[in-house]
Structures are given as C-alpha cells and as structure tokens.
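In this note's numbering, each number is its position in the sequence shown, counted from 1, plus 11.
Ideal placement from N, C-alpha and C gives every residue a C-beta, glycine not left out.
Here the structure is a predicted model, which is why all the values come from computation and not from measurement.
First up is the structure itself, then whatever we jot down about it.
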Amino acid sequence: MKIKALIKKLNPKVNIPEYKTTGSSGLDLEAFIEQDIIIRSKETALIPTGISVAIPENLEIQIRPRSGLAFKNKITVLNTPGTIDADYRGEIKIILINLGDKDFIIKNGDRIAQMVLCPIVKAEFQVKDNLPESIRGEGGFGSTGKN
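Pasting the structure below:
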C-alpha cells in the first residue's frame with residue numbers, strides 16, 4: 012500500500028530519502044550538516060536531516076536506528092522509536108547516542124537512522140472503577156518468568 016506524503020527540502024542540496032528495495036519498510040535518513048559532528052562516548056547529539064514532511068492524519072513516522080550503525084559502532088537513536096506526528100512541520104532531527112567507548116564522527120550525507128510510516132489507532136477512554144480480570148492481572152516486569 013502506498014499513500015501520498017509531502018516532503019520539503021530545507022536546502023537544495025538535501026537528498027530525498029528513498030526505499031532501497033521493494034521490500035524495505037524504512038527509508039534511510041541522512042545527516043545534513045555543514046561540518047562534522049563528533050559524538051563522544053556515552054554522549055548524545057541532535058543531528059539535522061534538512062527535510063520536513065507532511066503526512067496524512069492517523070499516521071506517524073517512527074524514527075528507528077540503523078542496524079549496521081548500531082551493531083558496528085554502537086550508535087543508536089536515543090528515544091527509539093522517535094515519533095514524528097502528522098501535524099509536525101519542522102525539520103526532522105535525530106537524537107543519536109554513542110554507547111561505544113570511542114568517539115564517533117558524523118559526516119554530511121551519512122545515513123544515521125531510518126523512518127517508517129505507521130498507522131495510528133486512537134483510543135476513546137472510558138473511566139471505570141474496575142477493569143476486567145486477566146490471567147496476568149497486575150504482574151509487572153518479569154512476572155511471566157524467564158522462559
């Protein structure tokens with residue numbers, strides 16, 4: 012399924028994200044920066060992409076890490092998945108964190124994250140004094156065991 016979405020280049024030199032294969036669910040986002048950004052070990056950086064988008068209501072864009080960047084360099088998206096709401100029109104910026112022991116350099120054009128368009132289901136909450144019983148009940152973190 013394809014939907015119509017709008018994208019704005021905030022600079023003529025920005026590359027528009029594209030699906031790399033027909034089976035890809037995410038589009039790679041590139042850093043759009045004037046000079047290299049060094050992300051020191053255990054620190055974060057906000058990386059601009061040079062694009063803004065307009066997507067239909069009841070959709071969101073999720074910002075997710077790139078698996079190769081995470082596995083090889085321990086660089087990931089801090090608030091994963093990040094959310095770009097349908098009514099946001101500002102520049103998409105990515106919060107990266109360096110979980111490695113070495114500094115990592117981001118250069119202009121580096122693929123730093125991916126974005127995935129996802130449907131949103133909204134709840135209409137009804138306040139109740141009691142909730143229906145369930146097998147799990149109030150069991151929280153780790154309550155279902157290790158297996």
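### Task
Answer with buried or exposed for L17, where buried requires no fewer than 16 other C-beta atoms within 10 angstroms of its C-beta.
Here the question's residue 17 lines up with position 6 in the sequence shown. Exposed.
### Query
Is the beta carbon of G111 less than 8 Å from the beta carbon of K85?
Walking along the sequence shown from the start, residue 111 turns up at place 100. Walking along the sequence shown from the start, residue 85 turns up at place 74. Cβ atoms of G111 and K85: closer than 8 Å.
### Where the beta strand (DSSP E) through F43 begins and ends
Taking the sequence shown and counting its residues from 1, one reaches residue 43 at position 32. Per DSSP, F43 belongs to no beta strand (DSSP E) and is neither H nor E.
### Message
What would DSSP say about L80, mapped onto helix, strand or coil?
### Response
Along the sequence shown, read from residue 1 onward, the residue named residue 80 stands at position 69. L80 falls in the helix class under three-state DSSP.
### Message
Mapping the DSSP letters down to three states, classify I50 as helix, strand or coil.
### Response
Within the sequence shown, numbered from 1, the residue matching residue 50 stands at position 39. Note: I50 maps to strand in three-state DSSP.
### Task
Mark R51 as exposed unless 16 or more other C-beta atoms lie within 10 angstroms of its C-beta, in which case mark it buried.
What you label residue 51 is simply residue 40 of the sequence shown in a count that begins at 1. It counts as exposed.
### Task
Go ahead and pull the three-state DSSP assignment for S35.
The sequence position of residue 35 within the sequence shown is 24, counting from 1. DSSP places S35 in coil when its eight states are reduced to three.
### Task
Return the bridge partner residues of V64 from the DSSP annotation.
For the purposes of this step, residue 64 is taken as residue 53 along the sequence shown, with counting starting at 1. I18.
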